[in-house]
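Inspection log for the structure reproduced underneath, given as structure tokens.
Numbering (our numbering), first residue to last: 55 to 265.
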């Protein structure tokens, strides 16, 4: 299923060389969308996930290790894409990205994704200011379902959604897996598991204590 965010990502790198920060709830489709764009538009691209032990070891070796792993040559007609997922779980992630981008921005494009809000703004200022644009991915809506391409104008003609499509969106919600599966048993199990992951996880309890 094509998401409008694919066009947003493509348009971003046509206009800017800044990092593309994509935040949003878990399982909303961030990884699928960003990897889909990279596969379609880039001859060379690399995906690293902080939650993957082998990937994490590469990241911890420093920016040069990432570039070496991505096999980026000194001279290239087209910038390759590097996607870093859940990097905000790294304690010093902001300074890490600052060094990575400042050193290699001319050699690669960077997408940074995270399940939680990529909380940039903390006391002491934003060390990444001027190096990224933030975006947030939301679950599928009626508007995006009808218009999955980036709008060329602010005003568009209204379009009717089919009753069956509307009921599926209403019944299964806008998260890709249950919506595409269209099975009520799967949807109920998915919702229960999501609830457990969100509200019974140590990360959530820790966030509550901080606030």
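Beta carbons are placed, not taken as given, at the ideal position from N, Cα and C, and that holds for glycine. Predicted model only: the values in this text are computed from it and were never measured.
Margin query: Looking only at its chain, what residues have a beta carbon closer than 7 angstroms to the beta carbon of residue 280, apart from the 5 residues adjacent to it on each side?
Written below: What the structure shows of the chain is the stretch from 55 to 265, and residue 280 is not part of that stretch, so it cannot be assessed.
With a CB to CB cut of under 7 angstroms and the five nearest residues on each side skipped, what residues in its chain are close to residue 104?
-> Walking along the chain shown from the start, residue 104 turns up at place 50. The beta carbon of residue 104 is closer than 7 angstroms to those of 110, 113, 139, 140, 141, 143, 144 in its chain, skipping five residues each way along the sequence.
Within a Cβ cutoff of 8 angstroms, which residues of the same chain sit near residue 131, ignoring the five residues on either side of it in sequence?
One-based indexing of the chain shown puts residue 131 at position 77. Within the same chain, no Cβ atom closer than 8 angstroms to the Cβ of residue 131 is found once the five residues on either side in sequence are excluded.
- Among all the DSSP beta bridges, which residues are the ones paired with residue 190? Numbered from its first residue, the chain shown carries residue 190 at position 136. For residue 190, DSSP records a beta bridge to 77.
Worksheet item: Can you tell me whether DSSP reads residue 70 as helix, strand or coil?
Response: For the purposes of this step, residue 70 is taken as residue 16 along the chain shown, with counting starting at 1. In the structure shown, the three-state DSSP call for residue 70 is coil.
Quiz item: What three-state label does DSSP hand residue 139 in the structure shown?
Solution: The residue you call residue 139 lines up with position 85 of the chain shown. Residue state, collapsed to three classes: strand.
- Item | residue 104, DSSP secondary structure in three states | Residue 104 sits at position 50 when you count from the first residue of the chain shown. Looking at residue 104 - three-state DSSP - the assignment turns out to be coil, as it is neither helix nor strand.
Going straight from the alpha carbon of residue 121 to that of residue 242, what length do you get? Within the chain shown, the letter at position 67 stands for residue 121. Within the chain shown, the letter at position 188 stands for residue 242. Approximately 42 angstroms, taken between the alpha carbons.
query = For residue 236, which residues from the same chain have a beta carbon less than 8 angstroms from its beta carbon, with the 5 sequence-adjacent residues on both sides left out?
reply = For the purposes of this step, residue 236 is taken as residue 182 along the chain shown, with counting starting at 1. Closer than 8 angstroms at the Cβ level, and outside the excluded window around residue 236, lie 222, 226.
query = Around the C-beta of residue 168, are 16 or more other C-beta atoms found within 10 angstroms, so that it is buried, or is it exposed?
reply = Along the chain shown, one-based indexing puts residue 168 at 114. It counts as buried.
task: In the DSSP assignment, find the alpha helix (DSSP H) that holds residue 164 and state where it starts and stops.
output: Position 110 of the chain shown holds residue 164. Per DSSP, residue 164 belongs to no alpha helix (DSSP H); it is in the beta strand (DSSP E), 163-168.
Below-7 angstroms beta-carbon distance, residue 58 vs any chain C residue
As a matter of chain content, chain C is missing from the structure shown, which is built from one protein chain.
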